[in-house]
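Dropping the structure here:
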């Protein structure tokens, strides 16, 4: 599923790694099956995310597993050694999930790493390539791909300053009435410099309301440390659809099949 030509980008640099978050249950699906194992296009949806990463030139895939991890490992069995696993024993948020993958990157992490959700099967390799190119050209510590959608309800909003520069990701439940009007949202497509990512994660505190650690705090922490954070509107609105119900699953499956020709 990879070949020698995808190991390095056109600039000769080593391809990025990807951390795919796949540890959650997805309680709103009302199913005992891990959310990422529900089928899209006839395959577990996490496979579509893995495929996009490999097509975009990722040289390592680290999948964070937890709830019924044996089913997620089985879903990805055909990828063999292209997939490594990290275990999140207790689901304590997205930031905690990424920290569970830290050991895979050693004491001195380097290079570029995507952080993506395993339940986003409409992700496109071309979007990841666009994000990586912008990230490298800017020499950024973090690059976020965003989308502008008609109905942003439920999504984290991208807050910018008066000059259009990124300042924060604000989750809907924490947003002010003015911020709720923002239509630019965070679909959770991140690219980080690995050292900056894992350094910032050590500073992420527990959310006061949930007690969890969130990856969405990392870009602002990097800014506060003087790092460069790029934000590009790169995700087509139709790729941002959430999957939290069987009806949404069916809609995403329909879109995926029409796009790929899957039967």
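In my numbering, the protein residues as written are 573 to 835. Just so it is clear, CB atoms sit at the ideal spot from N, CA and C, and this is done for glycine as well.
Exposure label - residue i; buried when at least 16 CB within 10 Å
i           : result
residue 729 : buried
residue 726 : exposed
residue 614 : exposed
residue 772 : buried
residue 833 : exposed
residue 719 : buried
residue 619 : buried
residue 692 : buried
residue 649 : exposed
residue 817 : exposed
residue 760 : buried
Short Cβ contact (8 angstroms threshold) for residue i with residue j
i           : j           : result
residue 744 : residue 731 : no
residue 594 : residue 659 : no
residue 799 : residue 706 : no
residue 827 : residue 686 : no
residue 622 : residue 655 : yes
residue 762 : residue 716 : yes
residue 670 : residue 806 : no
residue 711 : residue 790 : no
residue 589 : residue 634 : yes
residue 608 : residue 665 : no
residue 786 : residue 801 : no
Own chain partners of residue i with C-beta closer than 7 angstroms, once the 5 adjacent residues on each side are dropped
i           : result
residue 740 : 731, 792
residue 682 : 766, 767
residue 831 : none
residue 825 : 612, 613
residue 652 : none
Nonlocal neighbours in the same chain, by C-beta distance under 6 angstroms from residue i, ignoring five residues either side
i           : result
residue 811 : 694
residue 585 : none
residue 697 : 624, 627, 628
residue 809 : 719, 721
residue 733 : 739
residue 819 : none
residue 829 : 613
Cβ neighbours of residue i in the same chain (closer than 8 angstroms, five flanking residues each side left out)
i           : result
residue 821 : 601, 610, 612, 815
residue 639 : 595, 596, 597, 606, 663
residue 782 : 665
residue 680 : 767
residue 823 : 813
residue 758 : 716, 718, 727, 728, 729, 730, 741, 788
Proximity test, Cβ basis, 8 angstroms: residue i and chain B
i           : result
residue 714 : Any reference to chain B falls outside this structure, which holds one protein chain only.
Can you list the beta strand (DSSP E) stretches of 3 or more residues lying completely in the region 752-781, in chain order? 756-765
3-residue-minimum beta strand (DSSP E) runs that sit fully inside the region 627-696, ordered along the chain: 632-637, 655-659, 684-689
Along the chain, which unbroken stretches of the beta strand (DSSP E) at least 3 residues long are found entirely within the region 579-612? 589-594
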